[in-house]
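For the protein sequence lines, the chains are Y and X, in the order given.
With full-length UniProt numbering as the guide, the letters of the first sequence map in order to residues 1 to 352.
With full-length UniProt numbering as the guide, the letters of the second sequence map in order to residues 1 to 352.
Number of protein chains: 2
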Amino acid sequence: MTNNEASIKRARPKRIGLKDVALEAGVDVSTVSRILGGRASLYAEETCRKVQDAAAALHYRPNATARGMATGSTRMVGVTIPGTGYCGRIIEGINKALLEHGHLMLHAWNPDHFVPADDPTQKRIIHELVERQVDGVILRVGSEEFEQTYFEEIWQRGIPMIVVDREMALFKTDFVGTDDVAIGADAARHLLGLGHRRLLFVGEKEIVSTCRLREQGFRDVVSEAPDAACRKVELDLETAVVEDLAPALEGEGHPTGVFCYSDRMVPIFYETARKLGLDIPGDISVVGCGNLSWGKMLAPALSTFEQHPEKIGRKAAELYLERVAEGEQARPAPKIIRVAAELMVRGSTARV
Amino acid sequence: MTNNEASIKRARPKRIGLKDVALEAGVDVSTVSRILGGRASLYAEETCRKVQDAAAALHYRPNATARGMATGSTRMVGVTIPGTGYCGRIIEGINKALLEHGHLMLHAWNPDHFVPADDPTQKRIIHELVERQVDGVILRVGSEEFEQTYFEEIWQRGIPMIVVDREMALFKTDFVGTDDVAIGADAARHLLGLGHRRLLFVGEKEIVSTCRLREQGFRDVVSEAPDAACRKVELDLETAVVEDLAPALEGEGHPTGVFCYSDRMVPIFYETARKLGLDIPGDISVVGCGNLSWGKMLAPALSTFEQHPEKIGRKAAELYLERVAEGEQARPAPKIIRVAAELMVRGSTARV
DNA sequence: CTGAAAGCGCTTACAG
DNA sequence: CTGAAAGCGCTTACAG
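Right, dumping it as structure tokens:
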């Protein structure tokens with residue numbers, strides 16, 4: 001089974017091309033191209049057989065680069081999304097959906113956080129993607145705060161752009177994400193339903209749409225409960241320490257129901273609660289968002305929202321494929337797709 | 001700042017090519033190609049200026065697809081590695097190193113676990129990568145148990161292959177990973193140093209090199225301590241339940257020092273210990289490997305090895321670049337690079 | 001049912 | 001110091 005011959009001859013052999021197959025089969029390259037390219041029905045059965053046999057015998061693989069030049073489509077999508085954790089699962093979804101349609105991801109990380117508008121690395125990434133003639137780009141912005149002008153090059157050239165997870169203010173693009181307002185609303189309903197009336201929203205200093213919209217949904221619902229009130233604290237995750245959060249949790253009349261807009265705020269929350277001697281969920285309930293892998297290993301396990309990131313990735317890929325299929329015509333109005341999230345109730349939330 | 005014009009005219013404009021720049025500058029395309037391609041020193045200063053001005057005015061971006069056809073190098077590496085967690089950090093390292101050299105990842109997931117030798121999806125992925133003329137492939141195998149024959153296509157064509165993280169038995173390729181034997185040995189030394197003599201190695205049923213080599217390093221060191229003994233249990237992570245591990249931890253003379261070859265075995269270990277009423281680290285110490293993100297949030301925080309996956313990815317990318325630079329000559333002997341891991345001592349290990 | 005030819009957008013000997 | 005031409009490996013009107 002182990003191929004020892006192969007491990008000896010190592011010089012790279014000349015690649016087999018359409019020409020070689022044509023020669024072997026005794027036909028023209030255009031004939032081979034059409035038969036192997038799905039137009040076999042045009043040809044005599046025997047010609048098809050000869051060509052297929054020759055291609056198989058020579059282990060022919062088409063050169064997608066050359067095909068891309070000829071057809072104008074590389075069947076590659078540029079993906080600028082950080083690859084770990086939650087985003088990694090989005091990418092997994094993209095990858096699977098694309099593969100079923102013969103497309104591949106040209107994957108260039110971009111940071112999870114704020115990047116200056118003219119960051120040279122980001123510009124480089126965009127240049128690289130454009131130069132490689134990607135059919136479209138699926139991207140995620142680090143922050144809403146500063147406009148991501150380095151994406152302008154893509155937009156100007158009319159290359160389809162699908163934004164995922166966080167909204168982008170600069171261009172009116174297609175978007176696939178989670179239903180953030182609904183998440184905020186559901187978090188509020190869950191806490192109110194458990195009897196909590198003194199609520200706290202834990203947001204992030206960095207301005208991202210997910211935080212803004214979840215707060216909006218949360219407040220909308222809280223404001224409908226006449227006896228409930230919502231406070232708010234914003235953390236800078238890069239630097240956050242217990243002292244940043246403690247004032248919001250201390251003293252008489254401290255909040256008993258907390259919504260951390262992202263699971264990423266939860267570890268510092270647990271730590272602060274412990275330091276203050278607050279029992280979760282005895283003294284204070286907390287619900288997060290994202291269903292990150294470690295949430296169920298916390299003590300108590302975290303109540304949080306599963307956002308189905310693979311599904312988000314899959315939808316983004318499908319939208320990209322749709323845009324590519326539309327071709328060069330004037331682009332239609334942007335589509336906004338929001339995938340519903342689900343609250344996973346675990347041990348961190350309880351009756352007041 | 002917001003470009004409203006751009007959001008109105010959406011039809012895709014014709015791409016600007018070398019020809020357009022040449023026309024604009026009043027020179028031949030070959031002149032433009034050479035000046036923009038780094039051979040500017042050949043030309044008169046004024047010609048260079050004219051060409052550069054024209055390129056800038058037209059926002060010219062070279063077509064990497066066409067360049068790839070002409071030069072035989074696409075400056076793309078195929079990456080078949082799952083993208084989440086630990087592997088995601090490898091990919092991050094690859095990505096950063098490549099970007100500095102103008103290469104990009106064509107990223108196709110492959111599963112973390114065992115895949116049958118002739119899995120059609122895997123074969124498809126390899127075909128796609130080969131067709132797109134990648135300059136090389138960085139890959140990780142799911143399991144050592146069955147030979148990954150779907151990689152044969154790459155090997156046969158002499159495309160550089162860099163294997164990361166887990167060794168591959170089928171081909172003698174370049175490899176970049178962690179120093180697994182040293183990790184096993186260090187884990188044993190740590191536990192022995194804390195006075196533990198009844199040791200347990202927790203491995204995985206699936207046959208991967210990391211597990212095999214860590215066990216080897218662990219046993220080598222344990223066997224040198226005359227009064228120490230090592231037992232072993234193997235779990236199938238897909239199905240593992242408390243009952244699978246409990247027998248190894250129960251009863252008089254149960255092990256007091258445990259090495260879980262991967263952090264992935266740790267949650268089931270904590271759960272089992274809790275069910276059996278064993279205090280960590282009071283009754284039993286445990287050390288993991290991988291420094292996965294949630295380890296420090298466990299109670300107690302997990303002692304584990306940081307493997308520096310970004311560094312592994314970076315080294316793999318550098319090795320790939322080296323192989324590409326060597327060109328089509330007969331390939332030299334494979335290189336094996338092992339990045340040292342570091343034990344992070346936290347709360348899960350203590351004196352016996 | 002099949003072939004000859006042009007073209008995709010570059011690079012690179014070769015010539016001058 | 002610069003240009004004209006061939007070639008990379010395909011696809012696709014066009015012709016027969």
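Glycine included, every Cβ here is placed at the ideal spot set by N, Cα and C.
These numbers come from a predicted model, not from an experiment.
Length of the line joining the Cα atoms of residue i and residue j
i: Leu237/X; j: Asn63/X; result: 47 Å
i: Lys311/X; j: Trp294/Y; result: 24 Å
i: Ile16/Y; j: Val51/X; result: 38 Å
i: Gly297/Y; j: Ala97/X; result: The amino acid at residue 297/Y is misidentified as Gly; the sequence shows Met. Taking the straight line joining both Cα atoms gives about 34 Å.
i: residue 397/X; j: Arg231/X; result: Absent from the model: residue 397/X. The displayed extent of chain X is 1 to 352, so no value can be given.
i: Gly142/Y; j: Val324/Y; result: 25 Å
i: Leu99/X; j: Thr74/X; result: 14 Å
i: Pro120/Y; j: Phe151/Y; result: 12 Å
i: Gln156/Y; j: Thr173/X; result: 44 Å
i: Ile336/X; j: Ala117/X; result: 24 Å
i: Glu250/X; j: Pro300/Y; result: 26 Å
i: Glu204/X; j: Met265/X; result: 8 Å
i: Pro191/Y; j: Gly257/Y; result: Note on residue identity: the sequence assigns Leu, not Pro, to residue 191/Y. Their Cα atoms are separated by approximately 6 Å.
i: Val345/X; j: Val286/X; result: 10 Å
i: Ile154/Y; j: Leu104/Y; result: 18 Å
i: Leu200/Y; j: Val233/Y; result: 7 Å
i: Gly158/Y; j: Phe171/Y; result: 12 Å
i: Pro226/X; j: Thr210/X; result: 26 Å
i: Arg39/Y; j: Val32/Y; result: 10 Å
i: Arg49/X; j: Arg61/X; result: 17 Å
Beta-carbon separation (whole angstroms), residue i vs residue j, contact threshold 8 Å
i: Tyr261/Y; j: Val202/Y; result: 6 Å
i: Ala341/X; j: Phe305/X; result: 4 Å
i: Val164/X; j: Ile284/X; result: Wrong, their Cβ atoms sit about 33 Å apart, outside the cutoff.
i: Asn110/Y; j: Trp109/X; result: So it is not a contact: roughly 19 Å between Cβ atoms.
i: Arg189/Y; j: Cys289/Y; result: That pair is no contact at about 14 Å.
i: Ile91/Y; j: Val79/Y; result: 7 Å
i: Thr349/X; j: Pro267/X; result: With a Cβ gap of about 17 Å, Thr349/X and Pro267/X do not count as contacting.
i: Thr42/Y; j: Arg34/Y; result: It should be noted that the sequence gives Leu, not Thr, for residue 42/Y. Correct: roughly 6 Å between the Cβ atoms.
i: Val27/Y; j: Leu18/Y; result: Going by Cβ atoms, the distance from Val27/Y to Leu18/Y rounds to 11 Å, so no, they are not a contact pair.
i: Ala55/X; j: Val21/X; result: 5 Å
i: Pro309/X; j: Gly93/X; result: 7 Å
i: Gly253/Y; j: Arg351/Y; result: Between Arg351/Y and Gly253/Y the Cβ distance is about 18 Å, and since that is not below 8 Å, they are no contact.
Closer than 9 Å to chain Y by CB, residue i
i: residue 354/X; result: Not covered by the structure: residue 354/X. The range shown for chain X is 1 to 352.
i: Arg157/X; result: yes
i: Ala66/X; result: yes
i: Pro226/X; result: no
i: Glu46/X; result: no
i: Ala229/X; result: no
i: Gly83/X; result: yes
i: Val287/X; result: no
i: Gly102/X; result: yes
i: Ser348/X; result: no
i: Gln133/X; result: yes
CB contact check: residue i to chain X, cutoff 9 Å
i: Asn63/Y; result: yes
i: Asn95/Y; result: yes
i: Tyr261/Y; result: no
i: Glu318/Y; result: no
i: Ala108/Y; result: yes
i: Thr304/Y; result: no
i: Arg124/Y; result: yes
i: Arg39/Y; result: no
i: Ile91/Y; result: yes
i: Thr210/Y; result: no
i: His127/Y; result: yes
i: Pro267/Y; result: yes
i: Glu217/Y; result: Before going further, note that residue 217/Y is Gly rather than Glu in the sequence given. No - not a single Cβ of chain X is within 9 Å of the one on Gly217/Y.
i: Gly88/Y; result: yes
Unbroken stretches of the beta strand (DSSP E), 3 residues or longer, contained in the stretch 106-186 of chain X: 136-139, 161-164 and 174-178
Does the stretch 116-128 of chain Y come close enough to the stretch 52-72 of chain Y to have 3 or more Cβ pairs within less than 8 Å? no
Is the stretch 134-154 of chain X touching the stretch 312-321 of chain X, taking contact as three or more C-beta pairs under 8 Å? yes
Hey, which unbroken runs of the beta strand (DSSP E) at 3 residues or more fall wholly within the stretch 46-104 of chain X? 76-80
What ranges does the alpha helix (DSSP H) occupy inside the stretch 259-284 of chain Y, keeping only unbroken runs of at least 4 residues that lie completely in it? 266-276
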